[in-house]
Amino acid sequence: MDMAAPFGATWGTLIERCEDLPEDATLITPLSTTRFRVTNVQQQRIIVEDTDTGDSQPLQREQFEALVEHTRDSAGEGYDLERLPPKAEPYAAVLALHPRYVLDQEEGRIIELEEADESAVLDETPHLSTTTEDEQSDERAEPDVSVYADALLLIDALEREDPTDLDTIDTPELVNLYTLLSDVQRNANDLRKDVTDVLLDRVQHDRPAHGQYGSVQRTTRHQRSLKDDETVLEAFEDTGIDREQVLGVDREKVDEALDVVPLSESAVYDISESEYVRKADVDEERKETRLQGLKDRLAVSDDPEAEVLRQEIDRLEQEIEELTEFSPGSAFATESDES
């Protein structure tokens, strides 16, 4: 028997979640990663506004109901977001505020949970940002981390030399570049590890986390190391593999032997797992938009330091690659729905 909640109750909860959003909260569409805000909540619709263009769009209750029905009809596999009409992505992002619906960014689907996740809170929603760009820019300060100072020195060195033509750089300057690159890499890795440790407490396997410039997802890495020689040799003793074939416990020979006998890896390898997060994608469009915003504000600034920042932004803009285009789906309705 279908115990799914009636849409009236779903709609009521969704409206409450939208009303509970912080005033400057920003939502991110799942495919095109467009940012928008909820500006008004009404009885039959939710009004949203694109943060880049300022364009408003009403999201109608009946369209939410259609998306809920399609998601429910997907037999637990979720509704394929590629099937959304071009302007319907905000519906999926808003619906995912409901504790019974989640966005699976990796699979490109919105899924209905069997039971509502009442423990979920808004500021843990992966496609929701509660920190504004103005707040981020107003909090500029020199951080007390080693990589910051090394990066400034490296930027200065790169501006003085031409890294695209290394053969023309004198040996002392090359040594300086090498030293600074090494220091930045080491200190950046140290800081990245610290960031990873914190992210591991926040990122779930089925919910990638999104930021302004990209996203990360949780991944499991399997690690293995050979057990002591005697344990390995004893494990192969009754398998028909001669001791000489793996004598010295050469890893390649052990792997070749495992391919031809019914012996598990755990018999000869100590296997452990470690959790880590990896970069899933880079939002080049957001980076370029952010740089353009900074450039626009600097253009009207009389601050003596503004010219220095303008030059830095011009340099960074040259390093940004071509934007990645996304192709949204077509429509909610399918042929079977219309027949």
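Each residue of the sequence shown is one higher than the one before, counting from -4 in my numbering.
No residue lacks a Cβ here, since even glycine has one placed at the ideal position from N, Cα and C.
In the DSSP assignment, residue 10 falls within the alpha helix (DSSP H) that extends over 2 to 14.
The beta carbons of residue 195 and residue 270 sit closer together than 8 Å.
Here residue 204 carries a strand assignment [DSSP, helix/strand/coil]. 8 Å or more divides the Cβ of residue 150 from the Cβ of residue 217. If only uninterrupted alpha helix (DSSP H) runs of at least 4 residues are considered, those enclosed by the stretch 36 to 87 are 56 to 67. Secondary structure remark: continuous alpha helix (DSSP H) runs of at least 4 residues inside the stretch 143 to 208, in chain order: 166 to 195.
Apart from the 5 residues on each side of it in sequence, residue 171 sits with its Cβ closer than 7 Å to the Cβ of 152 in its chain, given in chain order. Taking the Cα positions, residue 54 is about 11 Å away from residue 44. Inclusion of residue 59 and residue 9 in the CB contact set at 8 Å is warranted, their separation being smaller than that value. By the beta-carbon neighbour count (other beta carbons within 10 angstroms, threshold 16), residue 203 is buried. By the Cβ-count criterion, residue 84 is buried, with 16 or more other Cβ atoms from all chains shown falling within 10 Å of its own Cβ. DSSP places residue 238 within a helical segment (H, G or I) once states are collapsed to three. Counting along the chain, no alpha helix (DSSP H) covers residue 255, and no H or E run does either.
In the DSSP assignment, residue 24 falls outside any beta strand (DSSP E) and carries neither an H nor an E.
Secondary structure of residue 89 (DSSP, three-state): helix.
Rounded to whole angstroms, the gap between the alpha carbons of residue 280 and residue 205 is 14 Å. Pairing residue 95 with residue 73 gives a Cβ-Cβ distance that is not under 8 Å. Counted as a single uninterrupted DSSP element, the stretch harbouring residue 101 is not any alpha helix (DSSP H), since DSSP gives it neither H nor E. Note that the C-beta distance between residue 178 and residue 145 is below 8 Å.
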